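Data block below; observations after.
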Amino acid sequence: MARQAEKQLAKNNATKIAGMRKIAACINLAFILIRLVWQYGSTNKKTFALYFLTNIVAIGVQLQLERIGKPCFAPDGTLLSPGDDLSQAGVTEYLFDFIYLTWIVFALVAAVTDYAWTLYLLIPCYAVVKIWPYIRSVVSARTSANADGRMSSSATDPAASGQDTLSKRQQKLKTRQEKYSQIRAR
C-alpha cells in the first residue's frame with residue numbers, strides 16, 4: 177500500500193498520454209484524408225501551410241506534456257517518480273486547452289470551412305480576459321495618482337504618516353513568532 181497515490185498518479189498520467197496520442201493521430205489522419213481525398217479541389221497551399229505550422233506547435237506542446245507527466249521507473253520496475261500531475265490547474269491546463277482547440281480547428285477546417293483558422297484568435301482574447309483585472313488596477317492606480325497631483329511621501333509611506341501597516345491578527349502572529357524565535361535561540 178506504500179506509495180499507492182504515486183502509482184495511481186502514474187497510471188492516470190499514462191492513460192491520459194495514451195489517449196492524447198490516439199486522438200491526435202485520428203484527428204490528423206482524418207484531416208489529411210478529408211482534405212486530400214474528399215475535398216482536394218478546395219484545398220490550397222495556405223490551408224496546408226497553416227495545418228503544418230499549427231500541427232508542429234501542437235506536437236511540441238503535446239511532447240512537453242508527455243515529458244512532464246511521464247512516470248520514471250527503475251530497472252527493476254519500481255516506480256521512482258510518477259511525473260507531474262497532468263490534471264493540475266495552471267499552465268498544464270492551458271497547454272491542454274491549446275491542444276483541444278487545435279483538434280477542434282482541424283476538425284472544422286477539414287469538414288466545414290477554412291475560416292475556422294480564425295478560432296486561434298481565442299487564445300490572445302482569453303489571455304486579455306485573464307490579465308485585464310491587473311491592467312485595469314494599474315491604470316486606475318496611475319489615474320488616481322495623477323488626479324491627486326504629486327503624492328506626498330507620507331501618502332506613499334504608511335510608516336511616515338503614523339499609520340499601522342499590520343492588522344491586529346498580523347501583529348499577534350508577529351509577536352508570537354518573535355516570542356518563539358527568542359525561545360529557540362536559548
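At position 169 of the sequence shown the residue is numbered 345 (the working numbering), and the sequence of numbers has no breaks.
Note that CB positions come from ideal geometry on N, CA and C, so glycine has one too.
Note that the coordinates shown come from a computational prediction; the quantities given were computed from them, not determined experimentally.
Check the DSSP bridge columns for residue i and list the partner residues they point to.
i, result
"Ser313", "Answer by DSSP bridge pairing: none, since Ser313 is not bridged."
"Leu255", "Phe249"
DSSP state of residue i, grouped into three classes?
i, result
"Leu229", "helix"
"Gly266", "coil"
"Cys342", "Reading off the sequence shown, one finds Leu at residue 342, where the question assumed Cys. Coil."
"Gln215", "coil"
"Val288", "coil"
"Asp273", "helix"
"Gln353", "helix"
Just curious, the alpha helix (DSSP H) that residue i is in, first and last residue?
i, result
"Leu209", "Gln180 to Leu209"
Using 8 angstroms as the limit for Cβ to Cβ distance, is residue i near chain D?
i, result
"Gln238", "No chain D is present in this structure, which holds just one protein chain."
Can you give the beta carbon distance from residue i to residue j, rounded, assuming they're within the 8 angstroms contact cut?
i, j, result
"Trp279", "Ile199", "7 angstroms"
The stretch 298 to 308 / the stretch 224 to 237 touching (three or more Cβ pairs under 8 angstroms): no
Three or more C-beta pairs under 8 angstroms: does that hold for the stretch 253 to 267 against the stretch 200 to 211? With a cut-off of 8 angstroms, the stretch 200 to 211 and the stretch 253 to 267 do not count as touching, because too few Cβ pairs lie within range.
Just checking, does the stretch 178 to 193 make contact with the stretch 257 to 267 on the three C-beta pairs under 8 angstroms criterion? Flag = yes, the stretch 178 to 193 and the stretch 257 to 267 touch.
Is the stretch 206 to 223 touching the stretch 261 to 270 in the sense that three or more CB pairs, one from each, lie closer than 8 angstroms? no
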